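>
In this note's numbering, the protein residues as written are 83 to 470.
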């Protein structure tokens, strides 16, 4: 055979081997891949069981510490209430506020329980989780503080009111123009009963931040009113007569002494202002003022102290026409018209009747007791524990 023919046969053989190898390569790669996956699958159960065994070993090793932490948490939970009650007891020597004691006791109980939870998490190996809980509690408290700012403000104000006690139950106070008797003070608001029998609820924050006028702290209360006399009357005589009336009344306190002073020079009258003091727990200021005005007015009339009306000026642009009507005596009208003597007698009798004092007919007692009784009989508009 020629060399060229032999070389051609060798080349064809090599090409056939190359093509055959190329065709068989994907199957080889696929078989290798399947083999590796079989090996991984066969090793995977071994890895899972190894992890489970490792986890169980760690649990067994940590079980004593977890049990100790759990025991400490249970002890803290059970001792939270008695320990807080014991620790709050010294507060009773400083403040008698039940709200302060309640809030302090609950705060101490919560701190003891949180301490037990923190120690349990530390013993369980969850230190980072324990720190996260403590941090999250602080952040959550800050968020809730902003969200419920008004509620928190009222609650803190109720704490301050229960400690400082600017008033007590059944006191007569005035806050922001609202006058009434204190019926109830809860953690949210203070309930007043005004002298019309209405219940008024005022938030504690509003009461704490505003001016409180307590009318019961001092049983003595001053009353005043104005009475005008004519310019033709003696001011000194009028003052002496009014002072005499004030001194003769047992309901008027003489210490501080009553006063009658010139208050203003009006258009047609000299205005006298009468000042007097009473015991507001026994007598009503409105009733005593009414009685004094009546007695002083009648005393002025008996002593010819004029009390003219305010001067008024009426303008008639067209003038005032005057027509003279001839008088015709009428016998019946003359008989029906009372004489001046009769009018004077009637006026004198009226003055004497108004000047007399009848303790049985004139009730000067305070209305506060009646309002308090109505407040006790009425339904509470807000359900809550009274903190005062």
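For every residue, glycine included, the Cβ atom is placed at its ideal position computed from N, Cα and C. No experiment lies behind these values; they were computed from the predicted model shown.
#1: Would you please state the rounded distance, in angstroms, between the beta carbons of residue 214 and residue 297? I believe it to be under 8 Å.
#2: Nearest-angstrom Cα distance between residue 249 and residue 299?
#3: Would you give the residue range spanned by the alpha helix (DSSP H) that residue 290 belongs to?
#4: Tell me, to the nearest whole angstrom, how far the beta carbon of residue 480 is from that of residue 315; I am working on the premise that it is less than 8 Å.
#5: At the level of alpha carbons, what is the spacing between residue 162 and residue 192?
#6: Considering only their Cβ atoms, is the gap separating residue 374 from residue 356 smaller than 8 Å?
#7: What ranges does the alpha helix (DSSP H) occupy inside the segment 216-270, keeping only unbroken runs of at least 4 residues that lie completely in it?
#8: Can at least three beta-carbon pairs, one atom from the segment 284-292 and one from the segment 261-276, be found at a separation below 8 Å?
#9: I'd like to know whether the C-beta atoms of residue 257 and residue 280 end up nearer to each other than 8 Å.
#10: Just grab the DSSP bridge partners of residue 357 for me.
#11: Compute the beta-carbon to beta-carbon distance between residue 203 and residue 211, rounded to the nearest angstrom, for a pair I have assumed lies under 8 Å.
#12: Keeping to the same chain, check which residues put their C-beta closer than 8 Å to that of residue 87; ignore five residues upstream and five downstream.
#13: The alpha helix (DSSP H) with residue 195 in it runs from where to where?
#14: Along the chain, where does the beta strand (DSSP E) containing residue 295 start, and where does it finish?
#15: Check residue 151 in the structure and name its three-state DSSP category.
#16: So, at 6 Å on beta carbons, what are the nonlocal neighbours of residue 381 in its own chain, with the 5 sequence-adjacent residues on each side left out?
#17: So, for residue 443: in the same chain, excluding its five sequence neighbours on each side, which residues have a beta-carbon less than 7 Å away from its beta-carbon?
#18: In the DSSP assignment, the alpha helix (DSSP H) including residue 373 goes from what residue to what residue?
#19: Here's the rule I'm using: 16 or more other beta-carbon atoms within 10 Å means buried, otherwise exposed. How should residue 342 be labelled?
#20: Determine the burial state of residue 274: buried for a count of at least 16 other Cβ atoms within 10 Å of its Cβ, exposed for fewer.
#21: Out of 450, 239, 330, 148, state which residue places its alpha-carbon closest to the alpha-carbon of residue 208.
#22: Measuring straight from C-alpha to C-alpha, what distance separates residue 183 and residue 301?
#23: CA-CA distance, residue 454 and residue 360?
#24: So who's on the other strand from residue 160, going by DSSP bridges?
#25: Could you check whether residue 446 and residue 366 sit closer than 8 Å to each other, using their CB atoms as the reference points?
#26: Taking C-beta to C-beta, are residue 308 and residue 261 nearer than 8 Å?
#27: Can you tell me whether residue 358 is buried or exposed, with buried defined as 16 or more other CB within 10 angstroms of its CB?
#28: Count the other C-beta atoms from every protein chain shown that fall within 10 angstroms of the C-beta of residue 222, then say buried if there are 16 or more, exposed otherwise.
#29: Please classify residue 181: is it buried, with 16 or more other beta-carbons within 10 angstroms of its beta-carbon, or exposed?
#30: Starting from residue 445 and walking both ways along the alpha helix (DSSP H), at which residues does that stretch end?
#31: Buried or exposed: where does residue 205 fall if 16 or more other Cβ atoms within 10 Å of its Cβ makes it buried?
Based on what the coordinates show:
#1: That pair is no contact at about 55 Å.
#2: 8 Å
#3: 286-291
#4: A query on residue 480 cannot be resolved here, the shown segment of the chain reaching from 83 to 470 and no further.
#5: 8 Å
#6: yes
#7: 231-246
#8: yes
#9: no
#10: 306, 341
#11: 6 Å
#12: Note on residue 87: pLDDT 47, under 50, position unreliable in the model; no value is reported.
#13: 180-205
#14: 294-296
#15: helix
#16: 323, 327
#17: Confidence in residue 443 is poor, its pLDDT being 49 and thus under 50, which makes the residue's placement unreliable; the coordinate value appears in the next sentence. Taken in chain order, the list of residues that qualify is empty.
#18: 367-384
#19: buried
#20: buried
#21: 148
#22: 31 Å
#23: 20 Å
#24: Paired residues: none, contrary to the question.
#25: yes
#26: no
#27: buried
#28: exposed
#29: buried
#30: Element bounds for residue 445: n/a, residue is neither H nor E.
#31: buried
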